[in-house]
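Below is one structure; the comments refer to it alone.
In mature numbering (1 follows the signal peptide of the UniProt record, and there is no 0), the protein residues as written are -18 to -1, 1 to 654.
The following block contains the structure:
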């Protein structure tokens, strides 16, 4: 029985010392700073995903005409289905290199407008859906310096536009909803029927407005999915296609989903050794009921200024309401390394949609979930750049938050409009990155390799810190990098591991012992490892060091079930709770992991060219490379109306079948 891999792609350490008064007043005086990284990357950042190699994939829609970034070497996208430009020689996607502050154009073939995605166990970004010719596409981007987008026609069973994705413990993605899609499916697509009805999505859809697109989806600690749409939520057993819990409507009944766009996070998971782990969801912002229709008519209603918090694991869960210092619609919510939540981007009135937002909210707000109600919000320093409809944000492994996008127009309008199309990238640095904390900034020196780490086992991290360390104030967290678009960070997750022991090995060297999560229900695949103060204070610092590992299942606790029919389910459970580890997850001949998604390595020679960026602060250059990419994958089958045990099948996008490269070359490739 093989084990599901749990891969550490990035390690970030953050040390915070709340008990030291000398740091308290510094944190109180510092409420974040902004940095312009790139004046223009040529593409507006509608979608954003951090990869394991410190690069961020950014992409916009393709059907608005040319972008401001040419493709290299005379390349052009020929798309007879494009509604604006059949032959387009400009890029609609870029790869941004965080470490060098440079970028390079990428070539996406079909329309990715309002799509979704997730990082797979191999580290590849697998992205789904879009508009027009892209609505049933599955696309893959592998983290390497020459890789480019690879696309699979008909990779989805249903058209997906404005859907939400979540990675599952068995390594697949679940794709939930989308416009006029009241169902869900799995990626990779199976040979037989792969869509499963979800009436909840129809029940929450308002005629002519919808208010339930991009539903907020979180994997609960029991292995079921928490799904929020409009103003209410359910807990779904996606294996049985059964709603196991219905949550109350948020008090007031105002919508929080697109186009009345709020945001949501699963708050940090703690006490991971407890038999029953508590999980809480926080939903913030949105627009009052009827705001979208009013905005279309030119009347912009003030956004909601409330957050709703609920313990989704309670037997009788109830929403608890809180008031934000600033009303916000189209805001993003980012989990920070210290367990706090950053609310950023958005508008003070109107809704999502073309030119329907007003009054940009320039100040981020910090939410401290462990504080008492009434003391949880802190307003941060403002940006000067409005980030409205189609803006994005993502946590970087150095602790900063990358911010981009904002295009409330159907085309790129850079002048003569109220809120021009925004092509810049900024970074927001929370107070824990203040330079005054440089002397307690740690550097990871061990382990060099983490390939033997398992679930539920001890992990020792060795760090070097030049300043004085308060051992009893050190705690460790894990953060899952998220796919961000339309004010929702899909797959975002943070675990508080704490620490068992902090041992001083010399003047500036320390070993920190923690226990890894006990199952993939808690944290899945690619993560960032943080070290922070147990009280969640901002007083500290964040640094990073890259390590790669595979974390394998070590016990039977908390494992989600293999897809089985209802008749076989009880027997499978009796045999083993780790049945799902039986898996579709295999290693290819060179040791790379293939988990049902397209996995590729750039193999073409490709010419290089420098793409110049506009003048001004934060300018940089992007290296342009043309390349080909290999793909390999595994799949699963299902039965109409039910899910059954995983079987290995060749998915639709196997490159050997399509002749993209020889079988020998494919077998040599293990991803980038």
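Every residue gets a Cβ at the ideal spot worked out from N, C-alpha and C, and that includes glycine.
All of these numbers come straight from a predicted model, not from anything done at the bench.
Compute the distance between the beta-carbons of residue 210 and residue 246, then report whether it is under 8 Å. Indexing the chain shown from 1 puts residue 210 at position 228. Indexing the chain shown from 1 puts residue 246 at position 264. Yes.
Outcome for residue 358 when other beta-carbon atoms lying within 10 angstroms are tallied against a minimum of 16: Counted from its first residue, the chain shown places residue 358 at position 376. Under this definition residue 358 is a buried residue.
Run of the beta strand (DSSP E) containing residue 276, from where it starts to where it stops: Taking the chain shown and counting its residues from 1, one reaches residue 276 at position 294. Per DSSP, residue 276 belongs to no beta strand (DSSP E); it is in the alpha helix (DSSP H), 273 to 278.
Just to confirm, are residue 407 and residue 20 a CB contact at a threshold of 8 Å? To locate residue 407, count along the chain shown from 1; it is residue 425. To locate residue 20, count along the chain shown from 1; it is residue 38. It is a contact, given that the beta carbons lie within the stated cut-off.
Count the other CB atoms, across all protein chains shown, that sit within 10 Å of the CB of residue 236; report buried if there are 16 or more and exposed otherwise. Within the chain shown, numbered from 1, the residue matching residue 236 stands at position 254. When all chains shown are included, residue 236 counts as buried.
What's the C-alpha gap between residue 294 and residue 45? What you label residue 294 is simply residue 312 of the chain shown in a count that begins at 1. What you label residue 45 is simply residue 63 of the chain shown in a count that begins at 1. For residue 294 and residue 45, the distance between alpha carbons rounds to 40 Å.
Cβ neighbour criterion (16 or more within 10 Å) applied to residue 206: Here residue 206 is taken as the residue at index 224 of the chain shown, counted from 1. It is buried - the Cβ of residue 206 has at least 16 other Cβ atoms within 10 Å.
Where in the stretch 278 to 344 do unbroken runs of the beta strand (DSSP E), each at least 3 residues long, occur, reported from the N-terminal end onward? 288 to 293, 302 to 305, 314 to 317, 323 to 326, 329 to 332, 339 to 342
Is residue 476 closer than 8 Å to residue 504 when the C-beta atoms are compared? Here the question's residue 504 lines up with position 522 in the chain shown. Here the question's residue 476 lines up with position 494 in the chain shown. Not closer than 8 Å, so no.
Considering residue 155, what are the terminal residues of the alpha helix (DSSP H) in which it resides? Taking the first residue of the chain shown as position 1, residue 155 is located at position 173. Where residue 155 is concerned, there is no enclosing alpha helix (DSSP H), although the beta strand (DSSP E) it sits in stretches over 155 to 158.
Under a three-way DSSP split, which group does residue 116 fall into? Mapped onto the chain shown, residue 116 falls at position 134. Residue 116 falls in the helix class under three-state DSSP.
When 471, 499, 484 are compared against residue 30, the one with the closest alpha-carbon: For the purposes of this step, residue 30 is taken as the residue at position 48 of the chain shown. When only C-alpha atoms are compared, the closest one is 471.
Reference residue 26; option with closest CA among 485, 467, 231: Counting from one through the chain shown, the residue named residue 26 turns up at place 44. Per the Cα distances, 467.
Can you pull the DSSP bridge partners for residue 214? Taking the chain shown and counting its residues from 1, one reaches residue 214 at position 232. Residue pairing by DSSP puts residue 214 in a beta bridge opposite 211.
Cβ of residue 473 within 8 Å of Cβ of residue 462? On the chain shown, position 491 is the one that residue 473 refers to. On the chain shown, position 480 is the one that residue 462 refers to. In this structure, residue 462 lies closer than 8 Å to residue 473 by Cβ.
Quick one: residues in its chain with C-beta nearer than 6 Å to the C-beta of residue 193, no 5 flanking neighbours on either side, listed in chain order? On the chain shown, position 211 is the one that residue 193 refers to. So the qualifying residues of the chain are 212, 237, 239, 242.
Quick check on the DSSP output: the beta strand (DSSP E) that includes residue 362 runs from which residue to which? The count along the chain shown starts at 1 and reaches residue 362 at position 380. Neither: residue 362 is in no beta strand (DSSP E) and is coded neither H nor E.
Residue 378 and residue 80 - do their beta-carbons sit closer together than 8 Å? For this step, residue 80 is matched to residue 98 along the chain shown. For this step, residue 378 is matched to residue 396 along the chain shown. Yes, these two residues count as a Cβ contact at 8 Å.
With distance defined between alpha-carbon atoms, name the residue in 402, 386, 385 nearest to residue 393. To locate residue 393, count along the chain shown from 1; it is residue 411. The shortest Cα separation from residue 393 among 402, 386, 385 belongs to 402.
Residue 147 and residue 110 closer than 8 Å at C-beta: Along the chain shown, one-based indexing puts residue 147 at 165. Along the chain shown, one-based indexing puts residue 110 at 128. In this structure, residue 110 lies closer than 8 Å to residue 147 by Cβ.
Compare the C-beta of residue 390 against all C-beta atoms of chain C and say whether one is closer than 8 Å. No chain C is part of this structure, which consists of one protein chain only.
What whole-angstrom Cβ distance do residue 309 and residue 284 have, given they're in contact under 8 Å? Locating residue 309 in the chain shown gives position 327, where the first residue counts as 1. Locating residue 284 in the chain shown gives position 302, where the first residue counts as 1. That belief holds up - the Cβ atoms of residue 309 and residue 284 are roughly 6 Å apart, short of 8 Å.
Can you give me the C-alpha to C-alpha distance between residue 574 and residue 105, rounded to a whole angstrom? Here residue 574 refers to the residue found at position 592 of the chain shown. Here residue 105 refers to the residue found at position 123 of the chain shown. Unreliable positioning characterises residue 574 in this predicted model, as indicated by a pLDDT of 26, which lies under 50. The coordinate reading is nonetheless provided below. One C-alpha to the other measures close to 10 Å.
Alpha carbon to alpha carbon, what distance is there between residue 221 and residue 42? Here residue 42 is taken as the residue at index 60 of the chain shown, counted from 1. Here residue 221 is taken as the residue at index 239 of the chain shown, counted from 1. Using only the alpha carbons, I get a separation of about 33 Å.
So which of 421, 460, 56 has the shortest CA-CA distance to residue 87? Within the chain shown, numbered from 1, the residue matching residue 87 stands at position 105. It is 56.
Could you tell me which whole beta strand (DSSP E) segments of length 3 or greater appear in the stretch 44 to 126? 75 to 79, 84 to 88, 98 to 101, 107 to 110, 120 to 123
So residue 410 packs on residue 346, CB below 8 Å; how close in whole Å? Counting from 1 along the chain shown, the entry for residue 410 is found at position 428. Counting from 1 along the chain shown, the entry for residue 346 is found at position 364. With a Cβ gap of about 6 Å, residue 410 and residue 346 count as contacting.
First and last residue of the beta strand (DSSP E) that includes residue 200? For the purposes of this step, residue 200 is taken as residue 218 along the chain shown, with counting starting at 1. Start and end: 198 to 201.
For residue 147, does the three-state DSSP call read helix, strand or coil? Along the chain shown, one-based indexing puts residue 147 at 165. Correct three-state label for residue 147: strand.
Round the Cβ separation of residue 446 and residue 425 to the nearest angstrom and send it over; I've been treating them as touching at under 8 Å. Translated into positions along the chain shown, residue 446 becomes position 464. Translated into positions along the chain shown, residue 425 becomes position 443. So it is a contact: roughly 5 Å between Cβ atoms.
Going residue by residue through the stretch 154 to 195, where are the continuous beta strand (DSSP E) segments of at least 3 residues, counting only ones entirely within it? 155 to 158, 165 to 169, 177 to 179
Closest to residue 305 by CA distance: which of 427, 492, 286, 67 is it? For the purposes of this step, residue 305 is taken as the residue at position 323 of the chain shown. Closest option to residue 305, Cα to Cα, is 286.
Which residues in the same chain as residue 276 place their Cβ atom closer than 6 Å to its Cβ, once the five residues preceding and following it in sequence are excluded? Here residue 276 refers to the residue found at position 294 when the chain shown is read from its first residue. Excluding residues within five positions, the ones whose Cβ falls inside 6 Å are 283.
Across the stretch 66 to 74 and the stretch 485 to 504, are there enough close Cβ pairs to call them in contact, namely three or more that are closer than 8 Å? no
Rounded straight-line distance, which links the Cα of residue 423 to that of residue 380: Taking the first residue of the chain shown as position 1, residue 380 is located at position 398. Taking the first residue of the chain shown as position 1, residue 423 is located at position 441. Rounded to the nearest angstrom, the two C-alpha atoms are 11 Å apart.
Over the uninterrupted beta strand (DSSP E) stretch that includes residue 408, give me the two end residues. Here residue 408 refers to the residue found at position 426 when the chain shown is read from its first residue. Note, residue 408: beta strand (DSSP E), 407 to 411.
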